[in-house]
Each structure stands twice: as C-alpha cells, then as structure tokens.
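Okay, so here's the structure we're looking at.
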Ligand code: ITT
C-alpha cells in the first residue's frame, strides 16, 4: 500500500513533477490546496527556513487521520545578479517574469556558448520538507546551468523557458560548462524538453530523492 503525502502547493507544475517522481517509489501525492492567504508566506533568508516555517503551518491543515504533509520551496539563483531572484523567485516571477531576468542580463552576451554559459551562470535550488507525523525530514537539491538569451519551449513552468541545465556525466553529476555529457539537452532550455528529461537534471527530483533516502534511513549520496 502506498503512503499518502499531502503536498501543500498552488503550483500545478511542481505537483506534477513530485507525483511523477514519487509514485513509482510508493508514495501517492495529493495536493493540499488551501485558499489564498491561509498560509502566511514567511520572511526568512533561506529556502530551508521558509520551507520549515510553511510546513509548521501546513501541519494544522492535514485532513483528519492523515500523517504526511510536505512543502517544497524552490528558487532560481542567478550568479551575475548575486543570487537574485533566489528566495524572492515567486514574487519575481509574478512581477518581472522571466522576461525581466533576461533584461537584467542583456549586457552579458557572448557568441561563444561556453563563455555565455559562464557569464550567465545560474542554478535552481529546492528544499523539500516533510512532516511524517513525528519528525520533520528535509531534502535539498540543486541544478546548475545558465540563463539563455531568448526564451524557448512551452514545456514545464516558471523559469523553465530560459534555463539551460549543465550536461551530466554517467553518474548523473553536472559537468563544467562546455563539457559534453551522456545526459544533455544540447544547449536547449527546460522549456523544450519533456518532464521525463527534466527529471534527470532536476533540483526538485534530487531534493525528493534525498528526502526519501532520509525517510527510509538510507543516507547514501544521490
Ligand atoms: P508554492 O509555494 O505554492 O508551492 P510557487 O510557484 O510559489 O508555489 P516556489 O516558491 O517553490 O513555488 O517557486 C518560486 C518560483 O520559481 C515560482 O515562480 C516557480 O514557478 C519557479 N520555479 C520553481 N521551480 C521551478 C522549476 O523547476 N522550473 C522553473 N521554474 C521554477
């Protein structure tokens, strides 16, 4: 029998990715969708602290008889913008959008793709936090890459149309910019690839894998 995890999120893209990854691992992910304003968006300066503060509130809204509730907080950290939008990614997405991020990086261009990738380096970070009825369990994950010069694709959500992940080696680890790896989007953004491909690189998938490893007491490096 699978374990039901109530995922507090209003973001259908995040929900779909978490369900896609966790269901073969024996978890049934259900959306805990609360009316706007129910959860106070905490002001903290790390994704981890925000996730824990949201989880503490979410616990109160678990349906009767249920035990597992999860939040997952993610952000896009753009190196030449000193990590902006980072913990403000949700607000930045709703206000300036990915077009705003492209405008902020407009002066950083190069014909050479390797140099462009270094100039426009960025990473997605995610923290998944789960209450299992007794303890808080955390999993973190990152996905290094770069911001494209133009948006492309309609897959995924959020900043996916402007994010190009670094290639991965045969162990799934990211390689330096310009290095070709066995797992590659060939310089294309997450907006152009299927969910199945995005999961190979994804910060969210890594965070969820670590969370599941913690849950099952298996702390091997993922
Ligand atoms: P909830 O807090 O309701 O879960 P949210 O959309 O606010 O949903 P986050 O705070 O985790 O989610 O995400 C911050 C922003 O970063 C938001 O605009 C997301 O769309 C975007 N984002 C998060 N993960 C992403 C991903 O895998 N690909 C593209 N954009 C992503």
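Numbering (the numbering used here), first residue to last: 1 to 222.
Glycine residues also receive a C-beta, built at the ideal position from the N, C-alpha and C atoms.
A quick note: this is a predicted structure, and the numbers were derived from the prediction, not measured.
{"Asked": "Any non-hydrogen atom of ligand 1 within 6 Å of residue 172 CB", "Found": "no"}
{"Asked": "Alpha helix (DSSP H) segment containing residue 52, residue limits", "Found": "47-58"}
{"Asked": "Where residue 201 sits in the DSSP three-state scheme", "Found": "helix"}
{"Asked": "Reduced DSSP category for residue 232 - H, G, I as helix; E, B as strand; rest coil", "Found": "Limits of the chain in this structure are 1 at one end and 222 at the other, which puts residue 232 out of reach."}
{"Asked": "Contacting residues, own chain, Cβ-Cβ under 6 Å from residue 70 (five flanking each side not counted)", "Found": "5, 7 and 130"}
{"Asked": "C-alpha distance - residue 125 paired with residue 75, whole-angstrom precision", "Found": "5 Å"}
{"Asked": "Among 47, 22, 1 and 66, the one whose alpha carbon lies nearest that of residue 32", "Found": "66"}
{"Asked": "contact_flag[the segment 166-181, the segment 97-110] where n(CB pairs < 8 Å) is 3 or more", "Found": "no"}
{"Asked": "Three-state secondary structure (DSSP) of residue 196", "Found": "helix"}
{"Asked": "Nearest-angstrom Cβ-Cβ length linking residue 98 and residue 161, presumed shorter than 8 Å", "Found": "6 Å"}
{"Asked": "Close-in-space but distant-in-sequence residues of the same chain around residue 203 (CB under 8 Å, 5 per side omitted)", "Found": "74, 123, 124, 125, 126, 141, 142 and 143"}
{"Asked": "Backbone secondary structure at residue 23 - three-state DSSP", "Found": "helix"}
{"Asked": "heavy atom of ligand 1 below 6 Å from residue 227 C-beta", "Found": "Here the chain has residues from 1 to 222 only, and residue 227 is not among them."}
{"Asked": "Expected contact under 8 Å - CB spacing of residue 164 and residue 189 to nearest Å", "Found": "5 Å"}
{"Asked": "One or two residues paired with residue 62 in a DSSP bridge", "Found": "DSSP, once it has assigned bridges, lists no residue as partnering residue 62."}
{"Asked": "Residue environment, residue 156, which counts as buried when at least 16 other CB atoms sit within 10 Å", "Found": "buried"}
{"Asked": "Contact test: residue 141 Cβ vs ligand 1 heavy atom, cutoff 6 Å", "Found": "no"}
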